[in-house]
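What follows is one structure encoded as structure tokens, with my remarks underneath.
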Amino acid sequence: MAITNSREFTINVGKIADAEKWLSEGADLWKEITGKDAVIYKEGWGDQYKMLFVTTYESMGETEEVGEKVMADKRVTDWLQNGMTNGDLISGAVDRFFTTIKDTRE
Numbered sequence: 001m002a003i004t005n006s007r008e009f010t011i012n013v014g015k016i017a018d019a020e021k022w023l024s025e026g027a028d029l030w031k032e033i034t035g036k037d038a039v040i041y042k043e044g045w046g047d048q049y050k051m052l053f054v055t056t057y058e059s060m061g062e063t064e065e066v067g068e069k070v071m072a073d074k075r076v077t078d079w080l081q082n083g084m085t086n087g088d089l090i091s092g093a094v095d096r097f098f099t100t101i102k103d104t105r106e
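Heads up, the sequence shown is in the working numbering, so the first residue is 1 and it goes up one at a time.
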């Protein structure tokens, strides 16, 4: 049973291009540290955008293991600090976890 985690970021007005670059760098860092792929989605119009940082796991336990590994790496905390405070790119983030019931790609 796969678990999909999405972290939804609310992008500040006028920061869309910077946020795209920042999240892309974060996805590369995530892959380097965890070996897990990340997919970034964008939704919105005009200056009102949200971006999703999506990852998939084999179990809820794996989400905890990966989370601990990532947060123990100073590069990740620096990356988060850069986007959230110094870069003023986002105004909020919400985590969601979904359990896969059926995936016809399997």
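Glycine included, each C-beta is placed from N, C-alpha and C at the ideal position.
Q) Roughly how many angstroms separate the alpha carbons of threonine 10 and glutamate 20, rounded to a whole number? A) 12 Å
**Q.** Whole-Å CB distance - arginine 96 paired with leucine 29, under 8 Å assumed
**A.** Arginine 96 to leucine 29, Cβ: 21 Å. No contact.
Q: For the alpha helix (DSSP H) containing alanine 27, list its first residue and its last residue.
A: 16-34
Q: Within the same chain, show all residues whose beta-carbon is closer than 7 Å to that of isoleucine 16, passing over the 5 residues directly before and after it, in chain order.
A: Cβ within range, chain order: Tyr49.
Q: Specify, as a first and last residue, the run of the beta strand (DSSP E) that valine 94 falls within.
A: Run containing valine 94: 90-99, per the beta strand (DSSP E) assignment.
Q) Using CA coordinates, which residue listed in Met71, Leu80, Ile101 is at the minimum distance from threonine 34? A) Residue Met71 is the option with its Cα nearest to threonine 34.
**Q.** Simplified DSSP assignment, three categories, for methionine 51
**A.** DSSP places methionine 51 in strand when its eight states are reduced to three.
**Q.** Inter-residue spacing [alpha-carbon to alpha-carbon] between glycine 61 and phenylalanine 98
**A.** 14 Å
Q: Assign isoleucine 90 to one of two classes, buried (16 or more other C-beta atoms within 10 Å of its C-beta) or exposed (fewer than that).
A: Flag for isoleucine 90 reads buried.
Q | Alpha-carbon to alpha-carbon, valine 54 and aspartate 3 | A | Correcting the residue identity first, residue 3 is isoleucine in this sequence and not aspartate. Each residue's Cα considered, the two are about 11 Å apart.
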